[in-house]
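For the sequence shown, position 163 (counting from the first letter as 1) is numbered 218 according to my numbering, and the numbering increases by one without interruption.
Note that CB positions come from ideal geometry on N, CA and C, so glycine has one too.
Some notes on the structure that comes next.
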Amino acid sequence: MQISASMVKELRDRTGAGMMDCKKALQEAAGDIEAAIDVMRKSGIAKAAKKAGRIASEGIIVVKSDPAGNQAVILEVNCETDFVAKDGNFRNFSDQLACGLLQQTSATMERVGELPFNSTDAQSVEEARQQLVTKLGENISIRRFARIDKTAGGILGIYVHGIRIGVIVDLSAGNTGLAKDLAMHIAASNPLCVNEQDVPQQVLEKERQIQLAQARQSGKPDEIIEKMVSGRMKKFLRENTLSGQAFVKDPDTSVAALLKANNAVVNGFVRYEVGEGIEKKADNFAAEVMQQAGLTQE
């Protein structure tokens, strides 16, 4: 039977599952939507889809590199609680996915679910994710990943702090010790970018407006306010660019001075921290219990 787009859309609206999963279920059920829903429930897809709307702000950062140190991948996988973030099944899924992404050089975030999860069977990443959702009972989200290929003649520095922060830095010249120290510094200091000229204009303008509003509260003349804002913007750039920051292992030395002393250049870096930018839900367990009991709070 021909499966139409409208049939797929209806099933997707009713289950929240992915388009390809809906089409596959409809094909198996010969176009019967109710039967397709049963197929999806039996495979756990519908159950996984119901959890998809729940906020997943906990999770893990995984970094993997090839044996030669030429390439590295950093990955964030989210779940709902730190309990699941420490679960062996969740960690194994994340590790295996990161290893697969290291091999899939053309992988994109948009199509990561279609990739083969491993080389031993035909299971896709999305199928493995849904299986894990069913097993652990939480929404599991593959949030983002990035690949860094080292610059010719350079070094990749990698640092992972527990399961919550990961960094890859691409360094020209220098040495492996310096590369790792810089990755550790980036993990601790969270710079926006490498140099002042790399700071996005919209970030600079937003900060300038904030500083201008604060300075105007002083009631001082405009020319004094302009000098105040100029000084504060210089401080902002020092504190938020890698080259301008004080090196965490030697606060008397800036990172720029450290790089110059080692004749090294940072070509770029990626820093991931679990849940950054995700709006976390503040659970009110008392209200939840009362709601389930059919009661209301005064």
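Supposed close pair Ile197, Ile213 - CB separation, criterion 8 Å: In fact, because the Cβ distance is near 21 Å, the residues do not count as touching under 8 Å.
Expressed to the nearest angstrom, what Euclidean distance is found between the alpha-carbon atoms of Leu247 and Phe172? Using only the alpha carbons, I get a separation of about 33 Å.
Smallest Cα separation from Val320: which of Gly208, Ile116, Ile279 and Glu83? Nearest C-alpha to Val320: Gly208.
Suppose the cutoff is 6 Å on Cβ atoms and the five residues either side in sequence are ignored; what does the same chain contact list for Lys315 look like? The answer is none, since no qualifying residue turns up.
How is Gln82 classed by DSSP in three states: helix, strand or coil? Reduced to three states, the DSSP call for Gln82 is helix.
If contact is defined by three or more beta carbon pairs under 8 Å, each pair taking one atom from either stretch, is the segment 294-309 in contact with the segment 230-248? Verdict: yes, contact present.
Whole runs of the beta strand (DSSP E) within the segment 213-252, excluding any shorter than 3 residues: Runs of the beta strand (DSSP E) inside the segment 213-252: 220-227.
If you compare alpha carbons, which of Arg109, Ser120 and Asn147 is closest to Gly192? When each option's Cα is compared against that of Gly192, the closest is Arg109.
By DSSP, does Thr206 sit in helix, in strand, or in coil? Residue state, collapsed to three classes: coil.
In chain order, what are the residue ranges of uninterrupted alpha helix (DSSP H) at least 4 long that sit wholly in the segment 99-182? Those alpha helix (DSSP H) runs which fall completely within the segment 99-182 and span 4+ residues are 100-105, 137-140 and 143-158.
Would you give the residue range spanned by the alpha helix (DSSP H) that Val284 belongs to? Where Val284 is concerned, the enclosing alpha helix (DSSP H) stretches over Asp277 to Asn295.
Quick check on Asp93: does DSSP put it in helix, strand or coil? Under the three-state reduction of DSSP output, Asp93 falls in the helix class.
Taking Glu260 as part of the alpha helix (DSSP H), name the residues at either end of that continuous run. If you look at Glu260, you'll find it in the alpha helix (DSSP H) that goes Gln256 to Arg271.
So is Phe302 buried or exposed if we call it buried at 16+ other beta carbons inside 10 Å? When all chains shown are included, Phe302 counts as buried.
What would DSSP say about Glu193, mapped onto helix, strand or coil? Here Glu193 sits in coil by DSSP.
Taking only the alpha-carbon atoms, compute the straight-line gap between Lys304 and Met75 and give it to the nearest angstrom. Roughly 51 Å separates the two Cα atoms.
Where DSSP assigns a beta bridge to Glu328, which residues make up the other side? Glu328 is bridged to Ile220.
Out of curiosity, what's the CA-to-CA distance linking Lys290 and Cys154? Separation of Lys290 and Cys154 (C-alpha to C-alpha, rounded to the nearest whole angstrom) is 40 Å.
Cutting at 8 Å between CB atoms, please list the residues of its own chain near Glu135, excluding the five before and the five after it. Arg109, Ile110, Ala111, Ser112, Glu113, Glu193 and Asn194, listed in sequence order.
Through-space distance from Lys261 to Lys78, alpha-carbon basis: Taking the straight line joining both Cα atoms gives about 46 Å.
Which of helix, strand or coil does DSSP assign to Val310? Shown here, Val310 sits in a helix according to DSSP, grouped into three states.
Taking all protein chains shown into account, decide if Asn230 is buried (16 or more other Cβ within 10 angstroms of its Cβ) or exposed. Asn230 should be labelled exposed.
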